[in-house]
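Just below is one structure, and these are the notes that go with it.
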Amino acid sequence: MNIYLRRLGSFILDVLQSVVLALAIFMLAYLFAFQPHQVRGRSMLPNFQDGEYLLTDKVSYRTGVPKRGDVIVFAAPPNRNEDFIKRIIGLPGEMVSIKEGKISINNKVVDESYLPKTTNTLPGLFLSEGGSITLGHDEYFVMGDNRDHSSDSRIWGPIKREDIVGRAWVVYWPPQDAGPVPTVSYAGF
16 MNIYLRRLGS FILDVLQSVV LALAIFMLAY LFAFQPHQVR GRSMLPNFQD GEYLLTDKVS
76 YRTGVPKRGD VIVFAAPPNR NEDFIKRIIG LPGEMVSIKE GKISINNKVV DESYLPKTTN
136 TLPGLFLSEG GSITLGHDEY FVMGDNRDHS SDSRIWGPIK REDIVGRAWV VYWPPQDAGP
196 VPTVSYAGF
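In the numbering used here, the protein residues as written are 16 to 204.
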């Protein structure tokens with residue numbers, strides 16, 4: 016009987032060690048590498064649906080720099096109590112403007128083929144029609160893909176690099192939408 020108790024105790028100890036190790040690995044990955052986020056609202060339609068869950072890569076920007084077209088998660092202005100998901104349009108040092116429904120970077124119209132052809136980018140409180148802003152050395156101009164229903168840099172201005180949580184990496188829920196976040200390219204930029 017004593018040998019059976021030892022085996023049972025050894026088995027329970029092995030299971031507990033495995034559970035503790037798995038939890039430790041999960042916590043390290045969550046704190047330093049990946050973090051789940053939920054898409055809330057319609058600001059990223061048609062490319063991201065309200066209620067989708069995605070994993071945010073928190074490592075890429077520790078060694079690399081955010082690129083135009085990256086979908087990022089960041090602490091939302093003005094009080095930074097909530098995370099937003101938007102697409103990077105303008106990079107540090109660039110001049111961003113809106114004229115006749117089109118975004119321009121350094122006076123060159125941006126081809127946004129990932130948006131419906133009928134998309135008309137309206138100005139906002141921060142960036143008015145025909146106005147422009149030159150981004151600082153650590154500033155990014157971000158916008159939602161659903162321009163008519165997005166609170167973004169047109170409203171509250173550029174975001175700072177320090178406010179970026181990470182790059183949207185993969186959609187994992189719902190299963191029918193699961194997959195890597197598609198990358199977009201901008202011809203001529």
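In this text, a Cβ means the ideal position worked out from N, Cα and C, and glycines have one as well. Being a predicted model, the structure only gives us computed values, none of them experimental.
Going by DSSP, what residues sit across from tryptophan 188 in a beta bridge?
Mapped onto the sequence shown, residue 188 falls at position 173. Beta-bridge pairing links tryptophan 188 to Tyr68.
Close Cβ partners of glycine 159 (< 6 angstroms) along its chain, the five nearest in sequence each way excluded
As a position in the sequence shown, residue 159 is number 144, starting the count at 1. Taken in chain order, the residues that qualify are Ser58, Met59, Lys101, Ser165, Asp167.
Considering only the beta carbon of each residue, do histidine 152 and glycine 108 sit closer than 8 angstroms?
For the purposes of this step, residue 152 is taken as the residue at position 137 of the sequence shown. For the purposes of this step, residue 108 is taken as the residue at position 93 of the sequence shown. Yes, the Cβ-Cβ distance between histidine 152 and glycine 108 is below 8 angstroms.
Limits of the alpha helix (DSSP H) - the one that arginine 77 falls within
Position 62 of the sequence shown, counting from 1, holds the residue named residue 77. It spans 75–78 - the alpha helix (DSSP H) in which arginine 77 sits, taken as one unbroken run.
Cutoff 8 angstroms; reference phenylalanine 204; Cβ partners in own chain excluding five residues on either side
If you number the sequence shown from 1, residue 204 lands on position 189. Arg83, Ile120, Lys123, Val125, listed in sequence order.
Let me check understanding here. Comparing Cα to Cα, which of Ala91, Ile170, Gly116, Phe156 lies closest to leucine 140?
On the sequence shown, residue 140 is found 125 positions in, with the first residue counted as 1. Selected option, being the one with the closest Cα: Ile170.
Is phenylalanine 89 closer than 8 angstroms to valine 180 when the C-beta atoms are compared?
The sequence position of residue 180 within the sequence shown is 165, counting from 1. The sequence position of residue 89 within the sequence shown is 74, counting from 1. Yes, the Cβ-Cβ distance between valine 180 and phenylalanine 89 is below 8 angstroms.
CB tyrosine 187 to CB leucine 69, shorter than 8 angstroms?
Numbered from its first residue, the sequence shown carries residue 187 at position 172. Numbered from its first residue, the sequence shown carries residue 69 at position 54. Contact: yes.
For serine 33, the residue or residues it bridges with in DSSP
Taking the first residue of the sequence shown as 1, we reach residue 33 at position 18. Note: serine 33 sits in no beta bridge, so no partner.
Could you pull the start and end residues of the alpha helix (DSSP H) that arginine 169 belongs to?
Numbered from its first residue, the sequence shown carries residue 169 at position 154. Element bounds for arginine 169: 168–171.
By DSSP, does methionine 59 sit in helix, in strand, or in coil?
Translated into the one-based positions of the sequence shown, residue 59 becomes position 44. Of the three classes helix, strand and coil, the one that applies to methionine 59 here is coil, per DSSP.
State buried or exposed for serine 112, treating a residue as buried only when at least 16 other CB atoms are found within 10 Å of its CB.
One-based indexing of the sequence shown puts residue 112 at position 97. Serine 112 should be labelled buried.
Can you check DSSP and say which residues form a bridge with serine 112?
Position 97 of the sequence shown holds residue 112. Paired residue(s): Ser119, Ser147.
Kindly indicate which three-state DSSP category aspartate 126 falls into: helix, strand or coil?
Numbered from its first residue, the sequence shown carries residue 126 at position 111. The answer is coil: DSSP assigns aspartate 126 none of H, G, I, E or B.
Let's test the definition: count the other Cβ atoms within 10 Å of the Cβ of lysine 175 and tell me whether it reaches 16, buried, or not, exposed.
Working through the sequence shown from its first residue, we reach residue 175 at position 160. By the neighbour-count rule (16 or more Cβ atoms within 10 Å), lysine 175 is not buried but exposed.
Would a C-beta distance cut-off of 8 angstroms place methionine 106 and tyrosine 76 closer than the cut-off?
Taking the sequence shown and counting its residues from 1, one reaches residue 106 at position 91. Taking the sequence shown and counting its residues from 1, one reaches residue 76 at position 61. According to the sequence displayed, residue 106 carries leucine and not methionine. Contact: no.
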